[in-house]
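In our numbering, the protein residues as written are 63 to 687.
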């Protein structure tokens, strides 16, 4: 007997599994999905059985497996096919996926686990279309979740760790007793204990981040993806670079599970698919404006009136009025100023490695790159024209902190001022009961105690507006909508902008306008959801080497796809930052029509070296995140 085994280790993409023979003593015990020990080169490795062949041909020489570690399958056939889809779609080794997502391999403990009843695994349902649910508040969200929890296993997906507690807090005790939380932060011992609870059927509801997708599902009936529009669902910093929603679609397909997408604000892609009946909706799809008054402050008008402070008159007055509760000033840039430039020649001082603007830090009088940590003293003259009109522009969290401390000293406000960014991380102080003033970047977002916030201010909402990334506008709009959703109705919400007429701000009370204009723009430019996007990137310690490699690959792909309709190759381009983690990076982009996109993607990737990273439908074109 010959079996195909997936070794639990990184393997070449062209060799996802290996053939092994089965010794006579194991012949009647072999099952698909079992964990086995296999000889691999000069050592032994774990592996999972993918397929059983009828007989061993005499002319085929194969090594025998060493042992069956656990007679019960640790992965169902459905889950194996799910992993194969992920491997193919995201161009990542099947063995690498298996190694990263298999249960903690505690051989001794496994042997003591009794067999489980898996009769339900034989039931295969044809999955329905994903169902979209729009909720206006947490009460509606809770009602939807509770209605979706039925018999069988239920997976509730959340975008970040802090959201797990928010789900557990809303579940009644009888439901919570059936639930277990799965995250990437669990130790092997903790993960094994939770795995055993799921395995035995003691727990049949799993609440988790994207890690939970790869559990040993045997009777999965419901998948509930909360906060569908949250950008944290997209993995950008590790392989595979999958979107949790897309992976959940694969999981739903193989298990016949019902996939429900919940959100107060849908992503542009999901809105389009719901509008065009690719996803189901229980009613005519309409994203309602959230019941939250939002004050848009025209900062340009403030400048014309002579106020050049970081804080507008309206915001300052509102701040002085709020003597209790938390106040949040949001500014998604660190440092004293966001860039330094010459007023004479227009030269912007940039990092020599990353080619991004250097940030000014007044306390040390230095210019710093927040990616590669390059720094240099603040120059007194322009390196380009030798002019003396070199000045800092824009504002960062450090400057905001200095300004707010001056204001609180004058007004006698005794609340502590806390700055949270990657330079100054005081997250622990957010857990204290005392009222506080918080100056923060996106880093603090999941940890804010929203029901304590009396005033929330976007100090400078304009920074992302003109970055050439197709999703940057959507991300800002989602961010603002999230504040509207989470902030108590009686709290103040101010957005300072120099462009109050911009789509982001004028559509806050007219979501249909936002979606229609964004979709029109993406259709014209050939971006998702109208085209499938593939991002290829690689780095090297030497810039000239990676530039030559990228140019060659681009040329090869261009000739390969010549005459094939629906494929457009762009690049190569420098990433932003150009220098990252000790390497210089290049990116190649491919726009692929949805007709035959799987075949065309496979064709492209067959001509891309395995050291290149693959990011399907990326969140950004040039950035790493």
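In this text, a Cβ means the ideal position worked out from N, Cα and C, and glycines have one as well.
Simplified DSSP state of residue i, which is helix, strand or coil
{"i": "residue 281", "result": "coil"}
{"i": "residue 642", "result": "strand"}
{"i": "residue 637", "result": "strand"}
{"i": "residue 684", "result": "coil"}
{"i": "residue 574", "result": "helix"}
{"i": "residue 271", "result": "coil"}
{"i": "residue 22", "result": "The requested residue 22 does not occur in the structure, where the chain is confined to residues 63 to 687."}
{"i": "residue 388", "result": "strand"}
{"i": "residue 163", "result": "helix"}
{"i": "residue 98", "result": "strand"}
{"i": "residue 673", "result": "coil"}
{"i": "residue 157", "result": "helix"}
{"i": "residue 293", "result": "helix"}
{"i": "residue 138", "result": "coil"}
{"i": "residue 80", "result": "strand"}
{"i": "residue 378", "result": "helix"}
{"i": "residue 25", "result": "Not covered by the structure: residue 25. The range shown for the chain is 63 to 687."}
{"i": "residue 342", "result": "strand"}
Alpha carbon of residue i to alpha carbon of residue j, nearest angstrom
{"i": "residue 133", "j": "residue 661", "result": "37 Å"}
{"i": "residue 405", "j": "residue 433", "result": "26 Å"}
{"i": "residue 399", "j": "residue 211", "result": "Caution applies to residue 399, whose pLDDT of 48 falls short of 50 and renders its modelled position unreliable; the value that the coordinates give is listed next. One C-alpha to the other measures close to 50 Å."}
{"i": "residue 312", "j": "residue 149", "result": "11 Å"}
{"i": "residue 437", "j": "residue 685", "result": "21 Å"}
{"i": "residue 469", "j": "residue 557", "result": "19 Å"}
{"i": "residue 194", "j": "residue 575", "result": "20 Å"}
{"i": "residue 244", "j": "residue 378", "result": "44 Å"}
{"i": "residue 600", "j": "residue 673", "result": "7 Å"}
{"i": "residue 336", "j": "residue 543", "result": "20 Å"}
{"i": "residue 249", "j": "residue 219", "result": "20 Å"}
{"i": "residue 159", "j": "residue 537", "result": "29 Å"}
{"i": "residue 112", "j": "residue 297", "result": "27 Å"}
{"i": "residue 81", "j": "residue 481", "result": "57 Å"}
{"i": "residue 593", "j": "residue 626", "result": "15 Å"}
{"i": "residue 580", "j": "residue 294", "result": "20 Å"}
{"i": "residue 518", "j": "residue 255", "result": "42 Å"}
{"i": "residue 524", "j": "residue 530", "result": "13 Å"}
{"i": "residue 522", "j": "residue 477", "result": "23 Å"}
{"i": "residue 310", "j": "residue 570", "result": "29 Å"}
{"i": "residue 417", "j": "residue 587", "result": "26 Å"}
{"i": "residue 203", "j": "residue 551", "result": "18 Å"}
{"i": "residue 361", "j": "residue 526", "result": "16 Å"}
{"i": "residue 338", "j": "residue 375", "result": "46 Å"}
{"i": "residue 415", "j": "residue 641", "result": "5 Å"}
Best match in the options for proximity to residue i [C-alpha to C-alpha]
{"i": "residue 84", "options": "66, 72, 557", "result": "66"}
{"i": "residue 154", "options": "75, 604, 294, 508", "result": "75"}
{"i": "residue 460", "options": "574, 451, 426", "result": "426"}
{"i": "residue 192", "options": "333, 419, 230, 471", "result": "333"}
{"i": "residue 651", "options": "131, 237, 619, 291", "result": "619"}
{"i": "residue 628", "options": "645, 653, 606", "result": "653"}
{"i": "residue 584", "options": "449, 532, 271", "result": "532"}
{"i": "residue 263", "options": "597, 655, 215, 607", "result": "215"}
{"i": "residue 209", "options": "305, 488, 237, 497", "result": "237"}
{"i": "residue 453", "options": "321, 642, 442", "result": "442"}
{"i": "residue 190", "options": "550, 323, 488, 350", "result": "323"}
{"i": "residue 615", "options": "671, 655, 626, 564", "result": "671"}
{"i": "residue 316", "options": "137, 535, 458, 511", "result": "137"}
{"i": "residue 403", "options": "414, 389, 421", "result": "421"}
{"i": "residue 73", "options": "92, 86, 103", "result": "103"}
{"i": "residue 763", "options": "90, 446, 498", "result": "It is not possible to answer for residue 763, since the shown part of the chain is limited to 63 through 687."}
{"i": "residue 490", "options": "140, 475, 424, 511", "result": "511"}
{"i": "residue 230", "options": "380, 199, 451, 267", "result": "267"}
{"i": "residue 124", "options": "106, 101, 462", "result": "101"}
{"i": "residue 549", "options": "352, 428, 613", "result": "352"}
{"i": "residue 609", "options": "623, 633, 621, 622", "result": "633"}
{"i": "residue 163", "options": "106, 235, 206, 301", "result": "301"}
{"i": "residue 716", "options": "488, 682, 547, 602", "result": "Here the chain covers residues 63 to 687 and nothing more, so residue 716 does not appear."}
CB-CB length for residue i against residue j, believed under 8 Å
{"i": "residue 241", "j": "residue 283", "result": "The pair is not a contact, with the Cβ atoms about 15 Å apart (cut-off 8 Å)."}
{"i": "residue 247", "j": "residue 223", "result": "7 Å"}
{"i": "residue 109", "j": "residue 64", "result": "About 14 Å; that fails the 8 Å criterion."}
{"i": "residue 566", "j": "residue 555", "result": "Their Cβ separation, rounded to whole angstroms, is 14 Å, which puts residue 566 and residue 555 out of contact at 8 Å."}
{"i": "residue 596", "j": "residue 494", "result": "Their Cβ separation, rounded to whole angstroms, is 46 Å, which puts residue 596 and residue 494 out of contact at 8 Å."}
{"i": "residue 389", "j": "residue 516", "result": "6 Å"}
Next on the checklist: Quick check on the DSSP output: what are the complete alpha helix (DSSP H) runs of length 4 or more inside the stretch 536-607, in order along the chain?
Outcome noted: Listed in chain order, the alpha helix (DSSP H) runs fully inside the stretch 536-607 are 565-568, 573-587, counting runs of at least 4 residues.
- Message: Runs of 3 residues minimum, wholly inside the stretch 345-371: which ones carry the beta strand (DSSP E) assignment?
- Response: Secondary structure remark: continuous beta strand (DSSP E) runs of at least 3 residues inside the stretch 345-371, in chain order: 357-360.
**Asked** Residue ranges of each beta strand (DSSP E) run of no fewer than 3 residues wholly in the stretch 210-260, ordered along the chain?
**Response** Runs of the beta strand (DSSP E) inside the stretch 210-260: 215-219, 241-244.
Exercise for the section: At 3 residues or longer, and completely inside the stretch 445-511: list those beta strand (DSSP E) runs for me, N to C. Expected result: Counting only runs that start and end inside the stretch 445-511, the beta strand (DSSP E) elements of at least 3 residues fall at 452-455, 479-482, 499-502.
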